[in-house]
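Structure, as structure tokens:
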DNA sequence: TATTGTTATACTCTATAACTATA
DNA sequence: TATAGTTATAGAGTATAACAATA
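Residue numbers (my numbering), protein chains in the order written: chain B, 13 to 159; chain R, 13 to 159.
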């Protein structure tokens with residue numbers, strides 16, 4: 013006989029999945045709240061996040077896991093706010109590179125700082141943090157990958 | 013001098029956040045794919061997930077972190093497919109309880125099974141799983157909570 | 001008066017398909 | 001022919017505000 017959710021017994025898969033949902037939900041909410049404060053929609057903030065370095069429209073679509081046609085609208089709105097610029101690629105005139113403006117970089121940084129500040133995660137000791145990263149790497153199935 | 017992302021040095025907060033995003037993104041994608049196979053939208057699948065036990069509309073809205081007005085449409089579509097029923101509460105005639113039909117329960121179970129089967133997470137040993145749960149609990153700031 | 005659920009509205013995201021301009 | 005980005009379209013999610021029924 014084992015108690016359903018004690019401190020020392022082996023946690024069930026259900027418990028783990030529940031925690032992961034909790035964690036992802038919290039992180040998502042945090043991300044969305046920070047974006048809303050900057051008057052950014054969730055996908056707009058995600059786009060900004062991916063644009064630390066310039067990227068063709070197509071690649072951004074891939075990173076956002078959505079169809080390329082969506083990126084047009086998302087970028088339209090970011091460009092209208094002066095956060096992003098479309099620059100024709102020199103070597104292939106079909107391609108447009110997305111480049112953050114100075115304000116784009118600034119807004120991106122503010123959003124990121126607000127996302128991470130006060131994260132309960134920060135309470136972990138360095139050793140625990142290292143351990144968690146190791147476990148997470150294996151949990152996402154990239155144990156041997158470069159990261 | 014410390015290498016940027018070796019195996020034994022202390023991982024940066026950036027690395028941790030990147031991993032969390034990776035993990036949450038993967039989980040979300042997995043959840044959405046499984047939902048799509050069952051012709052459920054993401055919020056519909058989330059609603060099903062929350063309806064293991066009956067719930068008033070209001071409470072479901074709260075769990076989905078959205079305005080109550082949205083739940084009307086989401087539940088409309090689930091009800092049209094025969095996965096959910098609205099039942100007037102006996103004690104308060106303003107309230108409607110959402111109850112899964114037999115097929116609702118079935119679809120919910122299939123979705124959950126597909127979500128968890130083959131999860132890389134399963135490769136962790138029991139000891140590692142216990143450790144990860146402990147770290148995650150602290151990472152979401154519920155170290156002392158019941159869970 | 002306050003609350004539950006609904007409706008009306010407007011905006012954004014989303015995929016699909018058709019289009020253009022390049023390659 | 002194939003590809004990058006756009007446009008048109010339709011469906012779904014989202015919040016806000018106003019509403020009816022009930023508390």
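Each residue gets a CB set at the ideal place from its N, CA and C atoms; glycine is no exception. These numbers come from a predicted model, not from an experiment.
Asked: Work out the CA separation of residue 71 (chain B) and residue 79 (chain B) for me, nearest whole Å.; Found: 11 Å
Asked: Measuring alpha carbon to alpha carbon, tell me which residue in B:97, B:149, B:31 is nearest residue 67 (chain B).; Found: B:97
Asked: Would you say residue 129 (chain R) faces chain B, with C-beta separation under 8 Å as the test?; Found: no
Asked: Under the rule that 16 or more other beta-carbon atoms within 10 Å means buried, what is residue 138 (chain R), buried or exposed?; Found: exposed
Asked: Below 8 Å on the Cβ atoms is my contact criterion, and I expect residue 95 (chain B) with residue 116 (chain B) to pass it. Report the Cβ-Cβ distance as a whole number of Å.; Found: 4 Å
Asked: For residue 3 (chain R), which of helix, strand or coil comes out of DSSP?; Found: With chain R represented from 13 up to 159, any question about residue 3 (chain R) goes unanswered, as that position is not in the structure.
Asked: Considering residue 97 (chain B), what are the terminal residues of the beta strand (DSSP E) in which it resides?; Found: 96-100
Asked: Give the DSSP-derived three-state secondary structure of residue 111 (chain B) in the structure shown.; Found: strand
Asked: Between which residues of its own chain and residue 91 (chain R) is the CB-CB distance below 8 Å, once the five residues before and five after are set aside?; Found: 97, 98
Asked: Which residues in chain R sit within 8 Å of residue 86 (chain B), going by Cβ to Cβ distance?; Found: Those do not exist, as residue 86 (chain B) stays about 17 Å from chain R at its closest Cβ, beyond 8 Å.
Asked: Flag this pair as yes or no: are the beta carbons of residue 76 (chain R) and residue 48 (chain R) separated by less than 8 Å?; Found: no
Asked: Pick out whichever of B:140, B:56, B:132, B:52 has its Cα sitting closest to the Cα of residue 35 (chain B).; Found: B:132
Asked: Would residue 54 (chain R) and residue 44 (chain R) be called neighbours here (beta carbons separated by less than 8 Å)?; Found: yes
Asked: Should residue 163 (chain B) go down as buried or exposed, given a rule of 16 or more other Cβ atoms within 10 Å for buried?; Found: Outside the displayed span of chain B (13 to 159) sits residue 163 (chain B), for which this structure offers no information.
Asked: In whole angstroms, what separates the C-alpha of residue 88 (chain R) from that of residue 107 (chain R)?; Found: 16 Å
Asked: Compute the Euclidean distance between the alpha carbons of residue 26 (chain B) and residue 125 (chain R), then round it to the nearest angstrom.; Found: 11 Å
Asked: Quick one: which chain R residues come within Cβ less than 7 Å of residue 41 (chain B)?; Found: 77
Asked: Does the distance from the CB of residue 127 (chain R) to the CB of residue 42 (chain R) come in under 8 Å?; Found: yes
Asked: Just verifying my parser: in three-state terms, what is the DSSP assignment at residue 130 (chain R)?; Found: coil
Asked: Look at residue 28 (chain R) and residue 151 (chain B) and say whether their C-beta atoms are less than 8 Å apart.; Found: no
Asked: State the Cα-Cα distance for the pair residue 74 (chain B) and residue 81 (chain B), rounded to the nearest angstrom.; Found: 11 Å
Asked: In terms of residues, what are the limits of the alpha helix (DSSP H) holding residue 24 (chain B)?; Found: Unbroken run through residue 24 (chain B): none, as it is neither H nor E.
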